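According to the working numbering, the sequence shown is numbered sequentially starting from 59. Idealized CB from N, CA, C, for every residue including glycine. All figures in this text were calculated on a predicted structure; none of them were measured in a lab. For reference, the structure discussed in these notes is given below.
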Amino acid sequence: MKILVIEDDRTAGPYVAEGLREEGHSVDLLTNGQEGLIQATVGAYDVMIVDRMLPGLDGVSLVRTLRGAKNRTPVLLLTALGGVDDRIEGLDAGADDYLVKPFAFGELKARIAALGRRPQMAEEPTALRARDLEMNLLTRKVTRGGAPIDLLPREFALLEHLLRRKGRVQTRTMLLEAVWDIHFDPQTNVVETHVSRLRGKVDKPFDRDLIETVRGAGYRIDAE
């Protein structure tokens, strides 16, 4: 398997990496949480081993960020904190398994093998695009033609929904359910208002509109 190890301990990191290489795995070792996050998003890994306490970005935040970006690579979280609350926090963040230090390498090897056997869901992209518009799901930044676009949280969610369904019409009801979690018609123009505001930021300053109104149906992002 291709494995990413993010561990800043000068003894534990090389020990784990070398042991896994001796088992025939391809291993990348990083010691900084922020650098590990970047590597996790650009590399295609079968399993990740992440230390909880890392410089730059702690392991729990790293895993939570990956899961928020729809990265489903199995993660084994390593920690010196063995309390129940600590384990729950790590698992709630999206870790698939949890191993408390000190540990036997044989147990680590068995847990990695078990994670590697799990069926993998198709990994979702960390960026969405339509023509010169780009949305980075990790940093939550949006640009068009390289120019930054500042969106409010609801505007970001609305644009993300449309981008994920690029070229497909989204009705008012679909948008209410997906973006506002409203499952009935509240007789409000909240959708129209937010689409108008979004257009003011995404389309108005540029030569070509991306957000289309399909009369009598709804809205869509231009896919061509």
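>> Restricting to Cα atoms, I'd like to know which of E81, H252, V272 and M59 is closest to G164.
In response: What you label residue 164 is simply residue 106 of the sequence shown in a count that begins at 1. Selection E81, H252, V272 and M59 evaluated against G164 yields E81 as nearest (Cα-Cα).
>> Give me, in chain order, the residues of the same chain whose beta-carbon lies closer than 7 angstroms to that of P113; leave out the 5 immediate sequence neighbours on both sides.
In response: The residue given as residue 113 occupies position 55 in the sequence shown. Closer than 7 angstroms at Cβ, skipping near neighbours: D66, N90 and G91.
> At which residues does the alpha helix (DSSP H) containing I146 begin and terminate?
Replying inline: Residue 146 sits at position 88 when you count from the first residue of the sequence shown. Boundaries of the alpha helix (DSSP H) harbouring I146: V142 to A151, taken from the DSSP string.
> If you draw a straight line from the alpha carbon of I279 to that of E218, how long is it in whole angstroms?
Replying inline: Here residue 279 corresponds to residue number 221 of the sequence shown, with the count starting at 1. Here residue 218 corresponds to residue number 160 of the sequence shown, with the count starting at 1. Approximately 10 angstroms, taken between the alpha carbons.
> DSSP on V100, reduced to helix/strand/coil?
Replying inline: For the purposes of this step, residue 100 is taken as the residue at position 42 of the sequence shown. Three-state result, V100: helix.
> At what residue ranges does the segment 60-98 contain a whole run of the alpha helix (DSSP H), taking only runs of 4 or more?
Replying inline: 70-80
>> So, does the segment 232-243 touch the segment 205-222, judging by three or more C-beta pairs under 8 angstroms?
In response: Yes, since at least three Cβ pairs between the segment 232-243 and the segment 205-222 fall closer than 8 angstroms, the two stretches touch.
> Curious, which full-length alpha helix (DSSP H) runs of at least 4 residues does the segment 199-245 contain?
Replying inline: 211-222 and 230-237
> How should T197 be labelled, buried or exposed, when 16 other C-beta atoms within 10 angstroms of its C-beta is the threshold for buried?
Replying inline: Here residue 197 is taken as the residue at index 139 of the sequence shown, counted from 1. Exposed is the call here.
> My guess is that L136 and I96 are in contact by the Cβ rule of under 8 angstroms, so how many angstroms apart are they, rounded?
Replying inline: In the sequence shown, residue 136 corresponds to position 78, counting from 1. In the sequence shown, residue 96 corresponds to position 38, counting from 1. Actually they are not in contact, since the Cβ atoms of L136 and I96 sit about 20 angstroms apart, beyond 8 angstroms.
>> In whole angstroms, give me the CA-to-CA distance for E76 and R122.
In response: Indexing the sequence shown from 1 puts residue 76 at position 18. Indexing the sequence shown from 1 puts residue 122 at position 64. E76 and R122: Cα-Cα distance of roughly 27 angstroms.
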